[in-house]
Amino acid sequence: MTLGLAFLIGFLNGARTFLAPALVAWSAAFGWLDIAGTGLGWLGAPAPAAILTLLALGELYGDKRPEAPNRTISYGLAGRIVMGALSGAAIAMGAVDPASGWAGAGLGALGAAIGTFATLRARLWLAAKFGKDLPAALAEDALLIAAIALLILAA
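Counting from 1, position 138 in the sequence shown corresponds to residue 174 in the numbering used here; the numbering is continuous, with no gaps.
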């Protein structure tokens, strides 16, 4: 597999900070993504997977709230970039080579930065088409979960 998967997981991470890392962690926990014995092997333990899942669920809920902050503000963008780097590194280590973690992290971070703005534009466009934000948000969630799962399976 190519390092392009690291960029893609980062890009998808731009829409939700914790969704991609949670799915990556469970994939590692179930042995679908082999990162055992790498610097990110801890990600496949049940506790990090459970914590990331709780954070992802909280984010999925919070994203539907009208008072949810914009994903492009400094701390929202920074969190997406950091988690994109983590997800990208894990994908690269598991799908390419354990030594490709830094390249995967860089590509995942770049993908997250680009994906944050691109997915926001897509969400706003979809909300305008629906006439409401909630259906757009739910559609975004469903598409993200499916895309991240397919990407992990491809790795």
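Don't be surprised by glycine CBs; every beta carbon is placed ideally from N, CA and C. As the structure is a prediction and not an experimental result, all values here were calculated from the model.
| Asked | Found |
| --- | --- |
| Report the rounded CA-to-CA distance for Leu170 versus Glu95, giving the unit in angstroms. | 14 Å |
| Does the beta-carbon of Arg107 have 16 or more other beta-carbons within 10 angstroms, so that it is buried, or is it exposed? | buried |
| Determine, using beta carbons only, whether Leu76 and Met129 come nearer to each other than 8 Å. | yes |
| What's the gap between the Cα of Ala64 and the Cα of Gly98? | 26 Å |
| Say whether the stretch 158 to 178 touches the stretch 139 to 146, bearing in mind that this needs 3 or more beta-carbon pairs closer than 8 Å, one atom from each stretch. | no |
| If you draw a straight line from the C-alpha of Leu90 to the C-alpha of Asp177, how long is it? | 15 Å |
| Closer than 7 Å: is that where the CB of Trp161 sits relative to any heavy atom of the ligand MN? | With respect to small molecules bound, the structure shown includes none, and the ligand MN cannot be examined in it. |
| By how many angstroms is the C-alpha of Ile45 removed from the C-alpha of Leu179? | 13 Å |
| By how many angstroms is the C-alpha of Leu48 removed from the C-alpha of Ala56? | 7 Å |
| If I'm right that Ala131 touches Leu189 with Cβ under 8 Å, what's the distance once you round it to whole angstroms? | At roughly 11 Å, the Cβ-Cβ gap does not stay under 8 Å, so Ala131 and Leu189 are not in contact. |
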